[in-house]
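> Just passing along the structure, written as structure tokens.
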Amino acid sequence: MSAAPHRFVILGGGTAGWMAACLIAHRLGQRAAVTLVESPEIGIIGVGEGSTPQLKAFFDELGIAEATWMPRCNATYKNGIRFHGWSDAPGYDSYFHPFQTALDQHTAPGFFFHTRARRTGRDVWAHPDRFFLLARLAAERRGPIPDENFPFDIGYGYHFDSHLVGEFLRDHAIGTLGVTHLQRRIDGVRHHENGEIVALLGEGDETIPGDVFIDASGFRATLIQAALGEPFESFAGNLFNDAAVAMPSARDDGATTCETGATALSSGWAWRIPLTNRTGNGYVYASAHLDADAAETELRRHLGLLDADVPARHLKMKVGQVRRSWVGNCLAIGLAQGFIEPLEATALHIVHSTLSGFIEAYEAGGFTRQHADSFNAAIHARYEGIRDYIVCHYRMNRRPGDYWRANAANQDLSDNLKAVMTAWFRGEDLEAEVHRLGIERYYAPLSWHCLLAGYGQFPDAAKLVPPEADLPLTDLAALDRFVAGCARNFAPHDDLLHRLKE
Ligand SMILES: Cc1cc2nc3c(=O)[nH]c(=O)nc-3n(C[C@H](O)[C@H](O)[C@H](O)COP(=O)(O)OP(=O)(O)OC[C@H]3O[C@@H](n4cnc5c(N)ncnc54)[C@H](O)[C@@H]3O)c2cc1C
1 MSAAPHRFVI LGGGTAGWMA ACLIAHRLGQ RAAVTLVESP EIGIIGVGEG
51 STPQLKAFFD ELGIAEATWM PRCNATYKNG IRFHGWSDAP GYDSYFHPFQ
101 TALDQHTAPG FFFHTRARRT GRDVWAHPDR FFLLARLAAE RRGPIPDENF
151 PFDIGYGYHF DSHLVGEFLR DHAIGTLGVT HLQRRIDGVR HHENGEIVAL
201 LGEGDETIPG DVFIDASGFR ATLIQAALGE PFESFAGNLF NDAAVAMPSA
251 RDDGATTCET GATALSSGWA WRIPLTNRTG NGYVYASAHL DADAAETELR
301 RHLGLLDADV PARHLKMKVG QVRRSWVGNC LAIGLAQGFI EPLEATALHI
351 VHSTLSGFIE AYEAGGFTRQ HADSFNAAIH ARYEGIRDYI VCHYRMNRRP
401 GDYWRANAAN QDLSDNLKAV MTAWFRGEDL EAEVHRLGIE RYYAPLSWHC
451 LLAGYGQFPD AAKLVPPEAD LPLTDLAALD RFVAGCARNF APHDDLLHRL
501 KE
């Protein structure tokens, strides 16, 4: 006789909750009975429209084709992020942070070499954009899917309507994977004498029992913090942004872009996310430097919507992480687990990697919590690794204004981040340093180089000298021909979006 299925109870029907429902039901099949409980009155946060390539891995694992989900979610392709105005260094007013491709092995070593030559005083080209295929594709509004005969892996993410992705995943979870959906407000939990959760308590005397509880209740963190008392470690000491205002605008005329825009404003930055039916915009800012009304006005001015009748949504952000994500029989995911502000759009990436790691650890331990400590240590390190990369964007900025100078003066830096910055400014081998620190699994050397070079963090141009004749520099004309030739294997973004609907 087979064992009774493990009862997984998920609290929360935001993107994180439905991702959990789909992944657990898909991976564990008959071994799991999955119930998701959410309160429509409380609702979901409903922002979060950009992803990393991890979201492709998630849909691929579920066996859901892009043609099935993207048109339903007004989704577009994302080649990377263009940062505008984060530096005042001449020639470095914007740069592109691409996702990785197999082609980079032909161009990244030259880029790394050039940045090091410039860091050590040679006047050589070291802006990242020219070296990366995805930057070129984004500039030409070509999507990241090559012709069939172009045999290189290309990493890419998506832009999407987060409400529609939630609805899509809900339908898949219920309709295809047999997840039970309950619409209730949860007012508390019943504890076992060992402190673990035995059941969620709904209105009246209703109890929802389970073996494993997933806290996907958003910033409220109803289970992991409120019921289990797990401490929250704030990142406010080195990430100052704690609020956002979001507002849609019309789709741009012309070809659809395949990049997120991240533009520095007076006290934070504004995102710009192209969807097939509209553009998503928002301003992430520090409330210590700007109040909500002023932030909304600044965003409206930035978008040319000062007098437009477009509603704005104001949000508070809790930036940091719970000390342990897996406590007893409860796993926190999504905003209940932590949040590192949306600059690199990593939240859903962490949801997927947390769930994957948890399911693997849980199965490996024979459905016990044997592997919880090592799992928690890995998740904690991942948050810190991602946070360091985000902090670096602020610490290295070259902009005027109180907010930006406060960020540039921030001394609350991890040892790893200090080591990266030291290697860069001393003209050392940054790629080797990132590997030595073991942080390449969070952000690869390519990302660190793009960020620091993209800001123009080099000696003043007046101090640079011509490179030695025998320095093995990249032939830039040949580089341009190579990247342009590769780009011709990629269709216009709009053609790809159109094909999805055929
Ligand atoms: C300004 C901003 C921009 C962002 N941009 C990005 C981005 O570009 N990319 C990215 O990946 N992420 C982004 N994020 C993060 C992203 O929005 C979230 O990670 C994602 O939406 C998942 O949220 P969630 O499911 O954890 O929480 P929520 O969407 O808040 O869902 C919480 C759920 O819990 C339920 N709930 C809570 N308490 C109870 C209760 N007591 N009883 C019953 N139900 C309850 C609610 O009803 C809801 O269903 C952004 C976040 C912010 C704030």
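Each residue of the sequence shown is one higher than the one before, starting from 1 at the first, in our numbering.
Even for Gly, the Cβ is constructed at its ideal location relative to N, Cα and C.
Note that this is a predicted model, so its numbers are computed, not measured.
Secondary structure at Ser374, three-state DSSP: helix, strand or coil?
One-based indexing of the sequence shown puts residue 374 at position 374. Helix at Ser374.
> Name the one or two DSSP bridge partners that Trp18 has.
Indexing the sequence shown from 1 puts residue 18 at position 18. DSSP lists no partner for Trp18.
> Measure the CB-CB distance between Asp161 and Glu61 and report whether it falls below 8 Å.
Mapped onto the sequence shown, residue 161 falls at position 161. Mapped onto the sequence shown, residue 61 falls at position 61. In this structure, Glu61 does not lie closer than 8 Å to Asp161 by Cβ.
> Give the C-beta separation of Glu38 and Gly13 to the nearest angstrom, bearing in mind that I take them to be a contact with Cβ-Cβ under 8 Å.
Your numbering for residue 38 matches position 38 in the sequence shown. Your numbering for residue 13 matches position 13 in the sequence shown. Right, their Cβ atoms sit about 3 Å apart.
> Go through its chain and collect everything with a Cβ distance to Ala408's Cβ below 7 Å, but skip five positions before and after it.
For this step, residue 408 is matched to residue 408 along the sequence shown. Taken in chain order, the residues that qualify are Arg395 and Asn397.
> Could you round the C-beta distance between Leu446 and Asp104 to whole angstroms and report it? I think they count as a contact, below 8 Å.
The count along the sequence shown starts at 1 and reaches residue 446 at position 446. The count along the sequence shown starts at 1 and reaches residue 104 at position 104. That belief holds up - the Cβ atoms of Leu446 and Asp104 are roughly 6 Å apart, short of 8 Å.
> By DSSP's criteria, Asn281 is part of a beta bridge. Which residues make up the other side?
Counting from one through the sequence shown, the residue named residue 281 turns up at place 281. BP columns for Asn281 point to Met247 and Arg272.
> Just the Cα atoms here: how many angstroms apart are Arg136 and Ala378?
Counted from its first residue, the sequence shown places residue 136 at position 136. Counted from its first residue, the sequence shown places residue 378 at position 378. Their backbone Cα atoms lie some 35 Å apart in a straight line.
> Which term fits Lys78, buried or exposed, when burial requires 16 or more other beta carbons within 10 angstroms of its beta carbon?
Position 78 of the sequence shown holds residue 78. The residue is buried, with at least 16 neighbouring Cβ atoms inside 10 Å.
> Taking the alpha carbon of Pro5 as the reference point, which residue from Gln30, Ser267, Asn410 and Thr107 has its own alpha carbon closest?
Locating residue 5 in the sequence shown gives position 5, where the first residue counts as 1. Closest option to Pro5, Cα to Cα, is Gln30.
> Our contact map puts His159 next to Pro274 with C-beta atoms below 8 Å; I'd like the distance itself, whole angstroms only.
Within the sequence shown, residue 159 is the residue found at index 159, counting from 1. Within the sequence shown, residue 274 is the residue found at index 274, counting from 1. About 6 Å; that satisfies the 8 Å criterion.
> Is it buried or exposed, Val34, if we count other Cβ atoms within 10 angstroms and call 16 or more buried?
Taking the sequence shown and counting its residues from 1, the one referred to as residue 34 is at position 34. Under the 10 Å beta carbon count, Val34 is surrounded by 16 or more other beta carbons and is classified as buried.
> So within the segment 105-187, which uninterrupted alpha helix (DSSP H) runs reach at least 4 residues, ignoring any that extend past its ends?
133-139 and 162-171
> To which residues does DSSP link Arg387 through a beta bridge?
Position 387 of the sequence shown holds residue 387. Paired residues: none, contrary to the question.
> Can you give me the C-alpha to C-alpha distance between Met1 and Phe8, rounded to a whole angstrom?
The residue labelled residue 1 in the question sits at position 1 within the sequence shown. The residue labelled residue 8 in the question sits at position 8 within the sequence shown. Low per-residue confidence applies at Met1: pLDDT is 43, beneath 50, and the placement is therefore not dependable enough to give any value.
> Taking Cβ to Cβ, would you say Trp424 is nearer than 8 Å to Gln457?
On the sequence shown, position 424 is the one that residue 424 refers to. On the sequence shown, position 457 is the one that residue 457 refers to. Closer than 8 Å, so yes.
> When you compare each of Asp211, Gly210 and Gln225 to Ser217 by their alpha carbons, which one comes out closest?
Here residue 217 corresponds to residue number 217 of the sequence shown, with the count starting at 1. The residue with the shortest Cα to Cα distance from Ser217 is Gln225.
> At what residues does the beta strand (DSSP E) containing Ile214 begin and finish?
The residue given as residue 214 occupies position 214 in the sequence shown. Per DSSP, Ile214 belongs to the beta strand (DSSP E) from Val212 to Asp215.
> Below 7 Å, is the gap between the Cβ of Arg122 and the nearest heavy atom of ligand 1?
Here residue 122 refers to the residue found at position 122 when the sequence shown is read from its first residue. It does not: the Cβ of Arg122 is nowhere closer than 7 Å to a heavy atom of ligand 1.
> Can you tell me which of the three DSSP states Leu201 falls into?
Taking the first residue of the sequence shown as position 1, residue 201 is located at position 201. Strand at Leu201.
> Who does Pro492 pair with in a DSSP beta bridge?
Indexing the sequence shown from 1 puts residue 492 at position 492. Answer is Arg142, bridged to Pro492.
> Please list, in chain order, all residues of the same chain as Leu134 whose beta carbon is under 7 Å from its beta carbon, the five residues on each side excluded.
Taking the first residue of the sequence shown as position 1, residue 134 is located at position 134. Hits under 7 Å: Asn79, Gly80, Pro98, Phe99, Thr101 and Pro144.
> For Gly155, I'd like the list of residues in its chain whose CB is within less than 7 Å of its CB, leaving aside the five on either flank, ordered along the chain.
The sequence position of residue 155 within the sequence shown is 155, counting from 1. These residues qualify, in order along the chain: Pro53, Phe99, Gln100 and Thr101.
> Going by C-alpha distance, which of Ile340, Glu363, Phe367 and Asn376 is nearest Thr354?
Stepping through the sequence shown from its first residue, residue 354 is reached at position 354. Comparing Cα positions, the closest option is Asn376.
> Verify whether the separation of the beta carbon atoms of Gly282 and Ala270 is less than 8 Å.
Position 282 of the sequence shown, counted from the start, is the residue given in the question as residue 282. Position 270 of the sequence shown, counted from the start, is the residue given in the question as residue 270. Taking 8 Å as the Cβ cut-off, Gly282 and Ala270 qualify as a contacting pair.
> Can you tell me whether Ala243 is buried or exposed, with buried defined as 16 or more other CB within 10 angstroms of its CB?
Counted from its first residue, the sequence shown places residue 243 at position 243. Its Cβ being crowded by 16 or more others within 10 Å, Ala243 is buried.
> Taking all protein chains shown into account, decide if Gln321 is buried (16 or more other Cβ within 10 angstroms of its Cβ) or exposed.
In the sequence shown, residue 321 corresponds to position 321, counting from 1. Gln321 is buried by the Cβ-count criterion.
> What residues in its chain sit with their C-beta under 8 Å from that of Leu55, if we drop five residues either side in the sequence?
Taking the first residue of the sequence shown as 1, we reach residue 55 at position 55. Excluding sequence neighbours, Leu55 sits near Gly157, Tyr158, Leu348, His349 and His352.
> With DSSP collapsed to three states, give me the class of Trp86.
As a first step, residue 86 is located in the sequence shown; it is residue number 86 there, counting from the start. In the structure shown, the three-state DSSP call for Trp86 is coil.
> Let me make sure I understand the geometry here. Which of His181, Ile45, Gly178 and Val212 has the alpha-carbon closest to that of His192?
For the purposes of this step, residue 192 is taken as the residue at position 192 of the sequence shown. The shortest C-alpha to C-alpha distance from His192 to any of His181, Ile45, Gly178 and Val212 is the one to Val212.
> For Ala20, which residues from the same chain have a beta carbon less than 7 Å from its beta carbon, with the 5 sequence-adjacent residues on both sides left out?
As a position in the sequence shown, residue 20 is number 20, starting the count at 1. Excluding positions up to five away in sequence, the list reads Ile10, Ile214, Ala216, Ile333 and Leu355.
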